[in-house]
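Below: the structure, in structure tokens.
2 protein chains.
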Amino acid sequence: MAKKYTYFFSKQKTEVPDVENIKFVLGGKGASLVQMTKLGVPVPPGFVISIDACDYFYKNDRKYPEGLMDTIDENIKELEEITGKKFGSKVNPLLVSVRSGAAVSMPGMMDTVLNLGLNEDSIEGLIKQSGNERFAWDSYRRFIQMYGNVVMGMEHSHFENILDEVKGKKGVQNDVDLDVDDLKEVVKKYKALYKKEIGEEFPDDPKKQLKNGIDAVFKSWNNPRAIAYRRINKIAPEVIGTAVNVQSMVFGNLGDNSGTGVAFTRNPSTGEKKYYGEYLMKAQGEDVVAGIRTPNHLEDMAEQLPDVYKELTAVFDLLEKHYKDMMDIEFTIENGELFILQSRQGKRTGMAAVKIAVDLVKEKMLTQKEAILRVEPQSLDQLLHPMIDPSAEKKEIAKGLPASPGAGCGQIVFTAEDAMEWAKDKKQVILVRLETSPEDIEGMNVAQGILTGRGGMTSHAAVVARGMGRCCVAGCSGVSINEDVKIVKLENGDILKEGDWITIDGSNGVVYEGKVPTVEPSISGDFAKLMSWADKARKLEVRTNADTPKDAKVAREFGAEGIGLTRTEHMFFKEDRIFAVRQMILSDTKEQRVKALAKIEKMQQSDFEGIFKEMEGLPVTIRLLDPPLHEFLPHEDDELRELAGEMGVEFEELRAKRDSLAEFNPMLGFRGCRLGMVYPEITEMQVRAIINAAIAVAKKGLKVEPEIEVPFVSHVKELAFLKDVITNTAEECLSKSKTKVEYKVAAMLELPRSCVITEQLAEYVQLFSFGTNDLTQTTFGYSRDDAGKFIGKYIENGILTEDPFQTLDTEGVGELMKMALKKAKSVNKKIKLGICGEHGGEPKSIEFCHKIGMDFVSCSPYRVPIARLAAAQAAVKPKK
Amino acid sequence: MAKKYTYFFSKQKTEVPDVENIKFVLGGKGASLVQMTKLGVPVPPGFVISIDACDYFYKNDRKYPEGLMDTIDENIKELEEITGKKFGSKVNPLLVSVRSGAAVSMPGMMDTVLNLGLNEDSIEGLIKQSGNERFAWDSYRRFIQMYGNVVMGMEHSHFENILDEVKGKKGVQNDVDLDVDDLKEVVKKYKALYKKEIGEEFPDDPKKQLKNGIDAVFKSWNNPRAIAYRRINKIAPEVIGTAVNVQSMVFGNLGDNSGTGVAFTRNPSTGEKKYYGEYLMKAQGEDVVAGIRTPNHLEDMAEQLPDVYKELTAVFDLLEKHYKDMMDIEFTIENGELFILQSRQGKRTGMAAVKIAVDLVKEKMLTQKEAILRVEPQSLDQLLHPMIDPSAEKKEIAKGLPASPGAGCGQIVFTAEDAMEWAKDKKQVILVRLETSPEDIEGMNVAQGILTGRGGMTSHAAVVARGMGRCCVAGCSGVSINEDVKIVKLENGDILKEGDWITIDGSNGVVYEGKVPTVEPSISGDFAKLMSWADKARKLEVRTNADTPKDAKVAREFGAEGIGLTRTEHMFFKEDRIFAVRQMILSDTKEQRVKALAKIEKMQQSDFEGIFKEMEGLPVTIRLLDPPLHEFLPHEDDELRELAGEMGVEFEELRAKRDSLAEFNPMLGFRGCRLGMVYPEITEMQVRAIINAAIAVAKKGLKVEPEIEVPFVSHVKELAFLKDVITNTAEECLSKSKTKVEYKVAAMLELPRSCVITEQLAEYVQLFSFGTNDLTQTTFGYSRDDAGKFIGKYIENGILTEDPFQTLDTEGVGELMKMALKKAKSVNKKIKLGICGEHGGEPKSIEFCHKIGMDFVSCSPYRVPIARLAAAQAAVKPKK
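Quick note, the sequences are listed as chains D and Y, same order.
Here the first sequence is numbered in numbering that gives the first Met the number 0, starting from 0 and rising by one per residue.
Here the second sequence is numbered in numbering that gives the first Met the number 0, starting from 0 and rising by one per residue.
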């Protein structure tokens, strides 16, 4: 038996494919048309040519499956019977639209032909049908142009030239000023152009038009922009083609009783359960979109066309009930008769997504688990940061990368020092830098936002800003930033100076002139409810990366169940201690080092006390010093000279020391646990600070759970040695204080070798944390700071489908993680494993962590809710 | 039954432990004493206390096994019976030596006590025995001093002070000027000192002396220098202690008919089959070593003491026959009676090792396979480079690391440009640099040797020099090199200037003043023979890393079976093309790049033609451009300014371009196949040059086997893309030329990710080569250029037993290699895998490659014979 390639839909007869998900046969649009028809929704009748036909077309040298053309003829015949119209009829012509529709929405990427079926005969019929001669001739003119361009590949401009010529001759500016005769002339000229370019007459036969139209839609599946769209939107190669929807035309511009509109079944901005939409009478769909006339609010229809309104809202309710979601619906009213042209799940803001999901549970349409899957975790981000007031007037002056969400408004400063200085005077500042370095952290912290000229989504500025929840626009390469003379030159040549006000939106990367008002987010009760469902569902523990009591507090409010990563190095940069840190680094002897470390110890201890207090009763993983020491030294000779003065040593000597610390590849250099191996006194100081802080807090009756983490381990003997240092130091502190504090020892897995020998390491620790940033760097051999030179190109060319620094590379890095996890658990079933790289807050990566049986993820405070929801989705999602 | 802890040896009775290798019970020295006695060699009788006793001692709180002391007493009794001497006898006293002896030789690291048994009584006996009162008192004096120092831990200097005091009083300078009375006074004062420091009388009881002596030897196993020695010499922890050898003393200084000597059964320098040794009459062992008197050649003994000589040489022959090797023997003649005190396999030069191994096969003592195992592969190095004339007078002025073997003599120059300039004038130069960079390669190539102030054994200078077979002393940190003013300041303050002559020895890292004559190596027929046996035995193919026809020629002469790695980037630095290379790099558009590449193409082609000719009939793997592009640009602004002038562009523009190419971590940056991914035109140029070169050579009737290798692959799509570029380009060249050339496509495995996804990559290539340098860097997270900051400390502290850049880390990197190998072969059984990092020429790493089933190793030309032998040893060695 021949395979079925067409599916008819009409009030009288609807064919539904017998498969689980009809979208993969009929495409998204076709599925909705068939489904709606089935539900009794008034949809103009038509038929769908299946995606399989398109697949066949590409696999068989652009031929149709045998018999398909006959079947199409039969469908047309049936359509003619049902509508009482006829292809090419002078009296009551059947006109159809031919539209693409893949399984995945690819808006505007593929081709559409409208008004197909018009010819010298049916134009007369259309005049009769519509009673509007100009409308009919304009439709014919448009059809020829669309057909010539879309189906035959003629240049759009060639048609426009003719139109301009006729308008010029008549001395008018606009299309609407052409009358019937003018349009007839245009049609004539169009046909002549067609003959000249194509070498044959414009086809009068509607069946020929139809065949060519279907061909064109099939071919448009592989036009360059469609291919690009699929690549950019990471549409899987399993999505193999487009269906073709052939549907009888309806017109919203036939007369006073006709119209067209779009509507949402609930408010897509707020989620409020209230119909929301607009319509225009005497108009076609494109008129609404084009915004030439101001459309009416949907509510007005209740008075203007009460019957239609009633029918329409009944359709809304019907569709919501069927799809169990807020729907986005396009409709047309033709001579008072309602037709639904399209329906799909409506796009919505994060806030609306949450409210709708929670409401649908209240309305018993969804279970809690289904509701969890309805909110894109990423969209919660909108709920967690200040936003640009959508109603505010604003002028865009530059655009960079949306590196850290939220909006910020302040006066431009060019150095971290200035930022701190101005902030002390209660000024709001935006820190503008070519790029940031660890020295800038304090300045970043006091700024309302950060704007950088260089660097990508994972640049220092971006990573640190996200960690702080500070908004950031990075890599704003269109502007030129001169830190020396303190100016920003915009692309249009305008200059911004220190002190000028700007507003940046880290959610979309836009920079605005002056002060744009921002609005604070409100976390509604629905949000909390959804999160509570998510917490019930998820298996993964969600921790946070937090370096300060403030971060810890925010994260805890956002639901963090502990700290998965405290980076102690950020503390080293604080103004009151960086001098001692530098003294320590530049020491020649252990004695000098110990002396400088003693100055830092008390301050570190008080940092930790603050964090422990905020995280009372929850575990806190503190990573020992990680970055190469030279990161703490001034890069510029001027600063270094100043430091030499303060330290009372010769500048030359200090410079030689700094230069000797410089590295060719600092990422692979003298850092991580290697520091503690060579200078155990640093580790000892940090462990004392941690344990003594824990003791101090415990003495106040609070519960503390410190976990001391060794970074950048590659050899078991490193861990063995440092575990000794840690336990010896800790036990000494504890026995001195006569207080009991339980502490754990942990290690980072961030080097391929540590994943190969995890079973050896597992004997020394109770917890492992994958540092997937570094692990990605070493597994791929990509330096995060340098990969920008080719990674963009790689993604563009489809070599990489995603940036592995944003979404975990499950095939390579993930494989090493699975190996490590298996090895670790084989030695110690109780050992906990988690992830604390940037990936810890990325939904796909979180899903992977869930799948391979990890115990926790840790992410920046502002991503905690996202991670909670993503972890829940991973747990709830049906397994494939 | 109690465990046996002592083993007696004498002509009458010898106890041999019933184990496979008696060394692990008796220690090396004990085993040889027992074995020699068993063979009938005249060894002074005695007994061995086993290593197990030492092990027991350490495991049981420094106690002896039960009954051991009794057994020792029995052994002493037996010794007294056999020798007719008696402990403490006034007439015929038994004196013994107590010496350490572990399973592995640790010369001078542990303790020895001689003349044990002397006291107020036996001194009289010794006088009678020897007829030499002064000798007896001097022996007594020495014994007290040795016992006090070694056994009781008294300061050596305290005894020396007394000796000086007595000499001072008498007004003499030397010990020999003290007479019997003086010595008696010294003994008295020594005893008083002993009493004062130890709190008891010097022990008269020989048994107490013995017990304490044995204790001291046991304890010396764990003295700091012994521990350090074991760590430094990587002695496995399975070697658990020292045996104690208690042996009756014999004296070579009793009279005219006594003497002592050392001998080798063959010449240890040349391997010549001729007894070789020295002896001194009326002397003790230490006199020979101290070099106070000039010893006689062994041949003289044939006339002087014909009977002893006959007996001695008979022992030589006997021991050689037994041990099937050249032996190193210590002997003493006591009143005309020969005693053998020690025998062991003799240390020898590489040349001697080869000759002896081959001769022993000729003499039917060894099989070919046994002979293969007899030569340390590393020692062949000595046969392949010019050497400092051993007889030349020379003055050492500095010492660095022995970075690349061989000796070189020349005038100092400080820049690569000067080196080339001077070389053009036929001057011999030594290139002296703080450190070298790829720009210096041409200069290094024309120099006689390279001396650097910084960097380790795997620094750029070291690696490149070894690759070139140029000698190099690296990291000579004692001197201070000032390249600007062109001087070297030595540690003693002396200054060397440009043009001064120096000689460097890259085999030991020594720098000599002035011109020291060097001798060229000669590869004897024996060497060739041994190599032919090795070639028969080995399974691994041995290829070479060669970038020039000259290297290829040398390597082929050394037995390379093809090229495993040709680095094309070295060619880019040649004077005639670096300008075009820089133009290419600094191009803004593809057109400019293609234009610059066209200039390089012809030159590259002729490079390849030269290599193909030299390697006729053998495979040649050519790696596509690998290093980051900025390596080709001038680092200094002055040079860049010059380049800007030559290129006719603005300096500022060029500098901006160069700065934009700079990277934070170039090792993980825009390099390897990433270059070809972004600029496929570079790959196309290189492929055209390779294939057209192959065509040109093939047209001359020579067989060429090019293998085009893609470096630094981390993702399968990179390989898929570049394989397309390679095959398309190659096919185009081949079809144009109408010539048939078989070529292969290969890929480097040098990133962890490539080892995780090797099964994906294997579909695209016929050959894989592990780049273990980069793989070690990324697996450990060690930058080779920076790891010096901690790797030394790691090895010192035993965190690492070996530098993983020198000896493959089998546990981590090796595990990834095994994984990759398995994955590759699972997809394609015929696929070839090899290794082409520095490890390809290192014997232990080669053994690992053999074990895991690799197909080839590739190493620098001068290591090819080493690799051939090491591969053979790996194949021949008995499996554990």
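Glycine included, C-beta positions come from ideal geometry on N, C-alpha and C.
8 Å CB neighbourhood of residue 384 (chain Y) in its chain, flanking five on each side removed: Stepping through the second sequence from its first residue, residue 384 (chain Y) is reached at position 385. Closer than 8 Å at the Cβ level, and outside the excluded window around residue 384 (chain Y), lie 404, 405, 406, 468, 470, 505, 506, 520, 861.
If contact is defined by three or more beta carbon pairs under 8 Å, each pair taking one atom from either stretch, is the stretch 139-151 of chain Y in contact with the stretch 231-245 of chain Y? no
Is the separation between the beta-carbon of residue 131 (chain Y) and that of residue 258 (chain Y) shorter than 9 Å? The residue you call residue 131 (chain Y) lines up with position 132 of the second sequence. The residue you call residue 258 (chain Y) lines up with position 259 of the second sequence. No. Outside cutoff.
For a cutoff of 9 Å on Cβ pairs, would you count residue 880 (chain D) as touching chain Y? A query on residue 880 (chain D) cannot be resolved here, the shown segment of chain D reaching from 0 to 879 and no further.
contact_flag[the stretch 529-544 of chain Y, the stretch 857-873 of chain Y] where n(CB pairs < 8 Å) is 3 or more: yes
What does the alpha-carbon distance come out to for the pair residue 97 (chain D) and residue 187 (chain D)? Here residue 97 (chain D) is taken as the residue at index 98 of the first sequence, counted from 1. Here residue 187 (chain D) is taken as the residue at index 188 of the first sequence, counted from 1. Roughly 24 Å separates the two Cα atoms.
CB contact flag (residue 620 (chain Y), residue 682 (chain Y), <9 Å): To locate residue 620 (chain Y), count along the second sequence from 1; it is residue 621. To locate residue 682 (chain Y), count along the second sequence from 1; it is residue 683. Contact: no.
State yes or no: is the C-beta of residue 114 (chain Y) within less than 9 Å of the C-beta of residue 280 (chain Y)? Counted from its first residue, the second sequence places residue 114 (chain Y) at position 115. Counted from its first residue, the second sequence places residue 280 (chain Y) at position 281. Going by C-beta atoms, residue 114 (chain Y) is not nearer than 9 Å to residue 280 (chain Y).
Alpha helix (DSSP H) containing residue 744 (chain D): first to last residue? Working through the first sequence from its first residue, we reach residue 744 (chain D) at position 745. Looking at the DSSP string, residue 744 (chain D) is not in any alpha helix (DSSP H); the run it does join, the beta strand (DSSP E), is 743-748.
Note down, in chain order, each residue of its chain lying with its Cβ closer than 8 Å to the Cβ of residue 758 (chain D), except the 5 sequence neighbours on either side. Residue mapping note: residue 758 (chain D) aligns to position 759 of the first sequence, counting from 1. Counting only Cβ-Cβ distances below 8 Å, and skipping sequence neighbours, we find 822, 823, 825, 826.
Please list the terminal residues of the continuous alpha helix (DSSP H) segment that includes residue 721 (chain Y). For this step, residue 721 (chain Y) is matched to residue 722 along the second sequence. First-last of the alpha helix (DSSP H) with residue 721 (chain Y): 715-736.
Since residue 756 (chain D) meets chain Y, which of its residues come closer than 7 Å, beta carbon to beta carbon? Numbered from its first residue, the first sequence carries residue 756 (chain D) at position 757. Within chain Y, the residues near residue 756 (chain D) are 810, 811.
Just to confirm the assignment: which complete alpha helix (DSSP H) runs, minimum length 4, are found wholly within the stretch 307-385 of chain Y? 349-361, 367-372
With a threshold of 9 Å between beta-carbons, can residue 750 (chain Y) be considered close to chain D, or not? For this step, residue 750 (chain Y) is matched to residue 751 along the second sequence. Cβ-Cβ to chain D under 9 Å: yes for residue 750 (chain Y).
Find the residues of chain D that neighbour residue 203 (chain Y), judging by a C-beta separation of less than 9 Å, and give them in chain order. Against the second sequence, residue 203 (chain Y) aligns to sequence position 204. Neighbours of residue 203 (chain Y) on chain D: none; closest Cβ ~47 Å, over 9 Å.
Coarse secondary structure for residue 449 (chain D), derived from DSSP in three states: Residue mapping note: residue 449 (chain D) aligns to position 450 of the first sequence, counting from 1. Here residue 449 (chain D) sits in strand by DSSP.
Rounded straight-line distance, which links the Cα of residue 365 (chain Y) to that of residue 0 (chain Y): By one-based count along the second sequence, residue 0 (chain Y) stands at place 1. By one-based count along the second sequence, residue 365 (chain Y) stands at place 366. In this prediction, residue 0 (chain Y) scores a pLDDT of 46, lower than 50, which makes its location untrustworthy; the coordinate-derived value is nonetheless stated afterwards. Rounded to the nearest angstrom, the two C-alpha atoms are 41 Å apart.
Counting only beta-carbon separations shorter than 9 Å, does residue 807 (chain D) have a partner in chain Y? Position 808 of the first sequence holds residue 807 (chain D). Chain Y, which has no Cβ nearer than 9 Å to the Cβ of residue 807 (chain D), makes this no.
Roughly how far, in whole angstroms, is the beta-carbon of residue 808 (chain Y) from the beta-carbon of residue 775 (chain Y), given that I think they are within contact range, below 8 Å? Counted from its first residue, the second sequence places residue 808 (chain Y) at position 809. Counted from its first residue, the second sequence places residue 775 (chain Y) at position 776. With 8 Å as the limit, residue 808 (chain Y) and residue 775 (chain Y) qualify as a contact, their Cβ atoms being about 6 Å apart.
Below 8 Å CB to CB, which residues in the same chain sit around residue 312 (chain Y) once its five sequence neighbours on both sides are set aside? For this step, residue 312 (chain Y) is matched to residue 313 along the second sequence. Around residue 312 (chain Y): 274.
Which of the three DSSP states is assigned to residue 0 (chain Y) in this structure? Here residue 0 (chain Y) refers to the residue found at position 1 when the second sequence is read from its first residue. No answer about residue 0 (chain Y) holds up, because its pLDDT of 46 lies below 50 and its placement is not dependable.
Spell out whether any CB of chain Y is found under 9 Å from the CB atom of residue 704 (chain D). For the purposes of this step, residue 704 (chain D) is identified with residue 705 of the first sequence, where counting begins at 1. Taking Cβ atoms only, chain Y never reaches closer than 9 Å to residue 704 (chain D), which makes this a no.
Are the C-beta of residue 717 (chain D) and some C-beta of chain Y separated by less than 9 Å? As a working mapping, residue 717 (chain D) is identified with position 718 in the first sequence. Chain Y, which has a Cβ nearer than 9 Å to the Cβ of residue 717 (chain D), makes this yes.
Within 10 angstroms of the Cβ of residue 487 (chain Y), are there 16 or more other Cβ atoms? Answer buried if so, exposed if not. As a working mapping, residue 487 (chain Y) is identified with position 488 in the second sequence. Classification of residue 487 (chain Y): buried, given that the 10 Å Cβ count is 16 or more.
Can you confirm whether residue 884 (chain Y), when its beta carbon is compared against all beta carbons of chain D, has any partner nearer than 9 Å? In this structure chain Y extends from 0 to 879, so residue 884 (chain Y) is not present and cannot be described.
Which same chain residues end up closer than 7 Å to residue 642 (chain D) when comparing Cβ atoms and leaving out the 5 residues on each side of it in sequence? Counted from its first residue, the first sequence places residue 642 (chain D) at position 643. Contacts found: 581, 633, 653.
Classify residue 656 (chain D) as helix, strand or coil using the three-state DSSP reduction. Residue numbering aside, residue 656 (chain D) sits at position 657 when the first sequence is read from its first letter. In the structure shown, residue 656 (chain D) sits in a helix (DSSP, three-state: H, G or I).
List, from N- to C-terminal side, the beta strand (DSSP E) runs of 3 residues or more that fit wholly inside the stretch 374-443 of chain Y. 395-398, 400-403, 406-412, 428-432
Between the CA atoms of residue 48 (chain Y) and residue 217 (chain Y) - distance to the nearest angstrom: Translated into positions along the second sequence, residue 217 (chain Y) becomes position 218. Translated into positions along the second sequence, residue 48 (chain Y) becomes position 49. Answer to the nearest angstrom: the Cα atoms are 10 Å apart.
Residue of Y:859, Y:877, Y:337 minimising C-alpha distance to residue 850 (chain Y): The residue given as residue 850 (chain Y) occupies position 851 in the second sequence. Selected option, being the one with the closest Cα: Y:877.
Among D:798, D:835, D:767, D:461, the one whose alpha carbon lies nearest that of residue 746 (chain D): Numbered from 1 along the first sequence, position 747 holds the residue referred to as residue 746 (chain D). Residue 746 (chain D) has its Cα closest to that of D:767, out of D:798, D:835, D:767, D:461.
Using only the alpha-carbon positions, how far apart do residue 833 (chain Y) and residue 853 (chain Y) sit? Mapped onto the second sequence, residue 833 (chain Y) falls at position 834. Mapped onto the second sequence, residue 853 (chain Y) falls at position 854. Taking the straight line from one Cα to the other gives about 6 Å.
Could you have a look at residue 858 (chain D) and say whether DSSP puts it in helix, strand or coil? Taking the first sequence and counting its residues from 1, one reaches residue 858 (chain D) at position 859. Three-state result, residue 858 (chain D): strand.
So with Cβ pairs under 9 Å, would you call residue 866 (chain Y) a contact of chain D? In the second sequence, counting from the first residue as 1, residue 866 (chain Y) sits at position 867. Not one chain D Cβ lies under 9 Å of residue 866 (chain Y).
Using beta-carbon positions only, say whether residue 740 (chain Y) and residue 726 (chain Y) come within less than 9 Å of one another. The residue given as residue 740 (chain Y) occupies position 741 in the second sequence. The residue given as residue 726 (chain Y) occupies position 727 in the second sequence. Going by C-beta atoms, residue 740 (chain Y) is not nearer than 9 Å to residue 726 (chain Y).
Less than 9 Å between CB atoms is the rule here; does residue 714 (chain D) satisfy it with respect to chain B? This model lacks chain B altogether; the protein chains it does include are D and Y.
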